[in-house]
Amino acid sequence: NAGVTQTPKFQVLKTGQSMTLQCAQDMNHNSMYWYRQDPGMGLRLIYYSASEGTTDKGEVPNGYNVSRLNKREFSLRLESAAPSQTSVYFCASSDEPRGSYEQYFGPGTRLTVT
Amino acid sequence: DQQVKQNSPSLSVQEGRISILNCDYTNSMFDYFLWYKKYPAEGPTFLISISSIKDKNEDGRFTVFLNKSAKHLSLHIVPSQPGDSAVYFCAASARYGNKLVFGAGTILRVKS
């Protein structure tokens, strides 16, 4: 049981390049999330998917797109990378039994845009 | 507008003593609160949570206190251990919502 996995672990892009961050979970969770973590700002929600086939914007969606490929996989795409997107990206998943909002996080992808 | 605030960027505590991490929130719709712990180069891991119908929840060395009238919660770690050195994030969620709002985090250093 791997939990939440993310690829790649590290990536360096030039401004204007595109890339897709991959995320998969094996816990049969309904909801999946993409966050970015920047110094002094905690984790900010980029996009989330409450169930297979649905996606919604979070707090900082500009410059990103997502795809909920199936129940297991949720990808984040940067179409034209900008230096402001240099960050650590975390994918998370959750299954919300009544009264619990615990999310399980992957190990993160450290992205640098030059 | 930060809805969840952790005003102390860092905290240093001696091994064996109590660590107290604080968190304030502004949204009165928040009804579920969580603490996450994060080591360098790893994802955050869930530590402990509390529902707004309670004012205290305990799990081993970790206790979370909630003061709804002050919109304040705190995490107590007793006794603190060097392995507790990490970044601690406070998070909150609103009724029927599945989105978490995170604070900026507090770096805890436990000195041996």
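Note that the protein sequences, when read in sequence, are chains A and B.
The first sequence runs 1 to 114 under the numbering used here.
The second sequence runs 1001 to 1112 under the numbering used here.
The beta carbon of each residue, even a glycine, is placed where N, CA and C say it ideally should be.
Name the residue from A:V113, A:K9, A:F74 and A:S80 whose alpha carbon lies nearest to the alpha carbon of Y47 (chain A). Of the residues A:V113, A:K9, A:F74 and A:S80, the one whose Cα lies closest to the Cα of Y47 (chain A) is A:F74.
Could you spell out the range, first to last residue, of the beta strand (DSSP E) harbouring Q11 (chain A)? Taken as a continuous stretch (DSSP letters only), the beta strand (DSSP E) holding Q11 (chain A) covers F10 to L13.
For the segment 1070-1086 of chain B and the segment 1018-1029 of chain B, state whether three or more C-beta atom pairs, one from each stretch, are separated by less than 8 Å. Contact between the segment 1070-1086 of chain B and the segment 1018-1029 of chain B is present, because at least three Cβ pairs lie under 8 Å.
Please report how far the alpha carbon of Q1014 (chain B) lies from the alpha carbon of S1085 (chain B), in whole angstroms. Straight-line measurement puts the Cα of S1085 (chain B) at about 11 Å from the Cα of Q1014 (chain B).
So which of B:C1023, B:Y1032 and B:F1046 has the shortest CA-CA distance to P1093 (chain B)? Correcting the residue identity first, residue 1093 (chain B) is Ser in this sequence and not Pro. Ranking B:C1023, B:Y1032 and B:F1046 by CA distance to the CA of S1093 (chain B) puts B:Y1032 first.
Does DSSP put Q118 (chain A) in a helix, a strand or coil? With chain A covering 1 to 114 only, the question about residue 118 (chain A) has no answer from this structure.
Would you please verify whether the beta carbon of S18 (chain A) is less than 8 Å from any beta carbon of chain B? It does not: the Cβ of S18 (chain A) has no partner Cβ on chain B nearer than 8 Å.
Kindly say whether D1059 (chain B), judged by its beta-carbon, lies nearer than 8 Å to any beta-carbon of chain A. So, not an interface residue.
Backbone secondary structure at S87 (chain A) - three-state DSSP: Correct three-state label for S87 (chain A): strand.
If F90 (chain A) and Q25 (chain A) are in contact, beta carbons under 8 Å, what's the gap, nearest whole angstrom? Contact flag wrong, Cβ pair sits at about 12 Å.
Closest to K14 (chain A) by C-alpha separation, out of A:Q22, A:E79, A:V88 and A:G40, would be which residue? It is A:E79 whose Cα lies nearest to the Cα of K14 (chain A).
Is the Cβ of A1104 (chain B) closer than 8 Å to any Cβ of chain A? Yes, because at least one Cβ of chain A sits closer than 8 Å to the Cβ of A1104 (chain B).
Looking at C-alpha atoms only, which residue of B:T1026, B:R1109, B:G1103 and B:A1041 is the closest neighbour of N1067 (chain B)? With distances taken between Cα atoms, N1067 (chain B) lies closest to B:T1026.
With a threshold of 16 other CB atoms inside 10 Å of the CB of S1028 (chain B), please say whether the residue is buried or exposed. Here S1028 (chain B) is exposed, its C-beta having fewer than 16 other C-beta atoms within 10 Å.
8 Å Cβ cutoff, F105 (chain A) in contact with chain B: Answer yes: the Cβ-Cβ gap between F105 (chain A) and chain B drops below 8 Å somewhere.
Looking at the unbroken beta strand (DSSP E) that takes in V66 (chain A), where does it start and where does it end? Element bounds for V66 (chain A): Y64 to R68.
Which bits of chain B does F74 (chain A) rub up against, with CB to CB less than 9 Å? Simply none; closest approach about 14 Å.
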